[in-house]
Structures are given as structure tokens and as C-alpha cells.
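Shown next, in C-alpha cells, is the structure this report addresses.
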Amino acid sequence: MAFTALAAGVSGLQAFSQSVGVIADNITNVNTIGYKESRSRFSTLVTETSSASSYSPGGVRAFTESLISRQGLLQPSSSPTDLSVDGAGFFVVKKSGNANEDGEFQFTRAGSFSKDEEGFFRNTAGLYLMGWKLDATGGIPSRQNDLTLLEPINIDNLNGVASATGRVSLRANLQSSTSVNAAAGTYAVGDMAAAAATPPGTVTADFETTFEVFDSQGISHTVVLSAIKSSANDWSYEMYFDNPSELDAAHTDGLIASGSLLFNSDGSIDLVNSTMNDIGGNPVSLAAGEALTFTYGTGVTSVDNGNIVFNVGTDGQANGFSQFDSPSTLIASNVTGAQFGNVNDIRIGEDGYVYALFDNGLQEPIFRLPVATFPNPDGLARKQGNAYSFSNLSGNFALQTAGQGGAGAIAPNALELSTVDLANEFAELIKVQRAFSASTRIITTSDEILEELVRI
């Protein structure tokens, strides 16, 4: 009996020593970003006995329970690359000596990422943040769960980008008291563009303004809008490049569009009956938001054709072009597109999209971060650097887009704090210390009994 009691006492020392180690890990990681506390649990060891009247002590065994699924508090951060998962799931990271080498894929909630000297994003443990590279349409791979399709996040190696103008919104007033233009009776399409190209021409515009558009290489071009009053509430207009050589030769004198702007008696635009035609005379519906197409000159640069939607207001309203008895003027213009620019920052959205911010004001989605979920996250195997790998207990992973399929949303500019509660840890430490001391008393008492037996 004394020997089995001695063994039980030793099992207590082993179990409570292990428990102290677990508590020590928790306490030392109280400030570790994304750390998940562990708990020691105990179960009895039973020794078989030969009869019901006898008893043989077995002792105790300790095992560690990981509380990985517990959500920690989110703390705001000023860094756009400090990330956390608000809800279930993990970031996918890769452990490797080099971002371009094969390495072990792991999962973490420690989202304190920063850019290294090569432009890759790594957390404090040196793990590379992985994501889906977006295709030309902004989509992600169809095989979402294929880890080999993930790439290390890096935006420094992007070439500078430009954006072609796709929409022009104009707000202007054409003075209602303007007299009908003297050339209105003989006016033909192209006369205003010809007058600008070879002054003085046969017609003088009653209104003229300019705005800038950008081609697909980010090159700026000046477009002139000229108009004459053809009759009451009816203005004929032309749009042409101020430098005709920037366009294909089919655009005589740089002309890209012509048409009529009609107005109601209250000064609002009659958009339904207003017209726009391309250089071939083909109608482009302003009311339906159809795009005007024109062709840049091959001698300027190799760019795509221009395709621009022109917004001149809402039918029956004066929020675009209007005709009031005040001086004709361009009130406001809004043109999409931008010149060539270089990456100078990064932004990550709650949906996991990683945007490259360019110094020309553009932002382009380049990557999307997956969120890995597991049937039993508490069964994940712990790895160095506050990371995890899947195991038989956790089940296999599923890579989800943020906020979908049970996955949490990405919380940018925030870090998940450790789930350790110091008060609880110190209370547990006292309990375990007392239990350890009690186990030592079992050993000393058993030793005294054995000593008495030796003296017999």
C-alpha cells in the first residue's frame, strides 16, 4: 500500500508540475498578440484490485486543453497592416526562410504584420501573410481550398498604373437670353471643330469650355465642348480634342461627338430628346447612359479606344446642364481616370481585399485574404510563433472569403489581445501550488511508513 501511495504522490507531482508550466506559459504570454490561453485538466488513474474489499491508489494524470476558439478583445491600432479576425477563423501564413521558397502553411490569429525589406508582409514571428492574387476581373481562384494557389502578399513589385477615363459628369448653364446664333441656319456638324483648328472658320461658338480626359496609359488630353444656340431651348454642340493629332485620322479636326441639348421652359434639361452622335453619325443615348467610342492615334501611344459615358444631368432637372438667364459657364466637372502612378500605401478592407494605393489617387484591389475555418479549432496543433497546424482533432481546413461561410470579418487597424486573465491565472497558480505541496506530503508520509516497516 505504501508503495502505491508513493507512486500516487509522484503522479501528483508530475501532474501539478505540468499544470504550473501551463500557467507559466499563460502568464508570460499575457501581452502576446493573438495568444490563446490553455488550461490543465486532471483525470484519475485507476489501479485494478483483486477484490472489492481492497483498494490500490492510482494517482492523477494531467492533460492540457487549448482554448483556441475563444475570441480576444480587439484593440485599435494606427497601422493599416495590423489585422485581426472578428469572429471565427485564422489568417493563412507560411513558415519559410524566403517568401519564394516552399514552406509549411500554418494558421494564426497574430495579425501584427509589417513590410520587410523585400516588400513582403510578415508578422512578429516572421511568418508570411498569404492571399489569393486577383485575376483581371478581380476574381479569386475557383479552387479555394488549394493552398498552393496562395501567394505571399507583396505590393512593392507592382508597376505603376493608370486609369482611363470612363465617365465625365458636367454641370453647366447656358444663358437663356442668348440670341440665336447668326450661323445657325447654315451650321453643319464639324464647323465648330474646324473653326478651332483653322480660325476664324464659319461659326463662332456662343459657349465654350474644356475638360481633361485620360487614356489607358494615363496620358492627359484636353477636350473642348463648344455650343451655339440654334433656336429657343435648343443648342447644337460639338466635342473635339484641342490637339487633333492625338486622334485617329478619321476624327477630322479632332471631332469626337456632336448633337443637340434641348431644354424645358423651366430651364431644366430635356434629356430624352437631347442627342449625341459619334463621328459616324451613330446615336449615343444620353438618357440610357451609353458610352461614346473614339479612337486615339497610333502615333501618340499604344492605348485602348476611348469609351466614355457622358452625364449631362437628369431628365427634367437642373442638376447637370441647365438654361437660366445667367451667364453661360461651366459650374462643375467630374472626370474619372488618373495619370500613371506608383504605390505609396496599402489598405485592407473588412472583406479581405488588399488595395494598393497609388500616388495618383487610384486604389486597385490586388489580393484577397482568405480566412481559414475548422470544425474544431480547439483541436489545432500549436506551433512556434503563436501559430497552428491542422490535426486529426481539428478536422481539415476550409478557406473562406471574409464574412462568408461562417468565417469572421477582417478587422483592419486592430489587434486581437491575449485571452489570458491574470487574476484567474494567479488564483489557479495558488491552487496548483497547494496541490503540489500536498503531493509532497504524500511522498514523505509514505516514506515514513516504509521506514517503520524496515525497522520491524
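Residue numbers (full-length UniProt numbering): 1 to 456.
Each residue gets a CB set at the ideal place from its N, CA and C atoms; glycine is no exception.
Remember, predicted model here, so these are calculated numbers, not experimental data.
Selected residue, minimal CA-CA separation from residue i, among the options
i, options, result
"Arg368", "Ala257, Arg347, Thr419 and Gly9", "Arg347"
"Gln433", "Gln18, Asp191 and His251", "Gln18"
"Asp102", "Val20, Leu127 and Thr198", "Leu127"
"Thr165", "Asp253, Thr222 and Gln14", "Thr222"
"Gln400", "Ser333, Ile27, Gly89 and Tyr35", "Gly89"
"Ala136", "Val20, Glu364 and Phe374", "Glu364"
"Ser177", "Phe310, Trp235 and Ile140", "Trp235"
"Thr293", "Ser260, Asn264 and Leu255", "Leu255"
"Asn154", "Val22, Asp378 and Gly131", "Gly131"
"Ser245", "Ser333, Gly297 and Pro375", "Gly297"
"Thr252", "Gly341, Thr124, Val189 and Leu6", "Val189"
"Asp86", "Ser79, Ser77, Pro80 and Leu73", "Leu73"
"Gln106", "Asp116, Glu117 and Ala125", "Ala125"
"Phe390", "Ser78, Asp345 and Glu104", "Glu104"
"Phe310", "Gln317, Pro199 and Glu290", "Glu290"
"Glu212", "Ser11, Asn334, Ala438 and Ala407", "Asn334"
"Gly111", "Pro141, Gln75 and Asn98", "Gln75"
"Val284", "Asp266, Gly12, Ser258 and Ser268", "Ser258"
"Gly280", "Pro199, Thr295 and Tyr355", "Thr295"
"Pro57", "Gly9, Gly21 and Asn282", "Gly9"
"Asn342", "Thr204, Leu158, Pro377 and Gln404", "Leu158"
"Thr198", "Ile443, Ser84 and Asp242", "Asp242"
With 16 other Cβ atoms within 10 Å as the buried cut-off, status of residue i
i, result
"Leu67", "exposed"
"Val454", "exposed"
"Arg122", "buried"
"Leu415", "buried"
"Thr108", "buried"
"Gln339", "buried"
"Lys431", "exposed"
"Phe91", "buried"
"Thr81", "buried"
"Asp215", "buried"
"Glu37", "buried"
"Ile366", "buried"
"Val46", "exposed"
"Ile7", "Contrary to the premise, residue 7 reads as Ala rather than Ile in this sequence. So Ala7 counts as buried."
Residue i (DSSP reduced to helix, strand or coil)
i, result
"Glu350", "coil"
"Phe324", "coil"
"Arg70", "coil"
"Ala205", "coil"
"Gly254", "helix"
"Arg143", "coil"
"residue 501", "What is shown of the chain runs 1 to 456, which leaves residue 501 out entirely."
"Ala398", "strand"
"Pro96", "Before going on, a small fix: residue 96 reads as Ser here, not Pro. Coil."
"Asp25", "helix"
"Leu453", "helix"
"Thr9", "In the sequence on display, residue 9 carries Gly and not Thr. It is helical."
"Val312", "coil"
"Pro283", "strand"
"Ile443", "helix"
"Arg109", "coil"
"Gly379", "helix"
"Asp86", "strand"
"Phe390", "coil"
"Gln14", "helix"
"Lys36", "coil"
"Phe63", "strand"
"Met192", "helix"
"Ile430", "helix"
"Thr148", "helix"
"Leu45", "coil"
"Ala227", "strand"
"Asn154", "strand"
Whole-number beta carbon distance between residue j and residue i, since they are thought to touch under 8 Å
i, j, result
"Leu262", "Asn277", "About 14 Å; that fails the 8 Å criterion."
"Ser43", "Arg70", "The Cβ separation is near 22 Å, so there is no contact."
"Ile410", "Ala398", "Contact doesn't hold; Cβ gap of about 17 Å is too wide."
"Gly119", "Asp156", "3 Å"
"Phe426", "Gly395", "Wrong, their Cβ atoms sit about 35 Å apart, outside the cutoff."
"Ser79", "Asn413", "7 Å"
"Phe63", "Arg41", "6 Å"
"Gly352", "Val371", "7 Å"
"Glu362", "Ser220", "A small correction: the amino acid at residue 362 is Leu; Glu does not occupy that position in the sequence shown. About 14 Å separates the two Cβ atoms, so there is no contact after all."
"Gly21", "Ala435", "Gly21 to Ala435, Cβ: 14 Å. No contact."
Closer than 8 Å: residue i CB and nearest the ligand FAD heavy atom
i, result
"Phe426", "The ligand FAD is absent from the structure shown, which contains no ligand whatsoever."
- [ ] Decide yes or no for the touch test of the stretch 23-30 against the stretch 415-432: beta carbon pairs closer than 8 Å, at least 3 of them.
- [x] yes
Open item on the list: When you compare the stretch 30-37 with the stretch 442-452, are there three or more beta-carbon pairs, one atom per stretch, that lie closer than 8 Å?
Closed with: no
Open item on the list: So, does the stretch 315-324 touch the stretch 170-177, judging by three or more C-beta pairs under 8 Å?
Closed with: yes
Open item on the list: Across the stretch 142-153 and the stretch 378-386, are there enough close Cβ pairs to call them in contact, namely three or more that are closer than 8 Å?
Closed with: no
- [ ] Could you tell me whether the stretch 191-198 touches the stretch 226-242, where touching means 3 or more Cβ pairs closer than 8 Å?
- [x] yes
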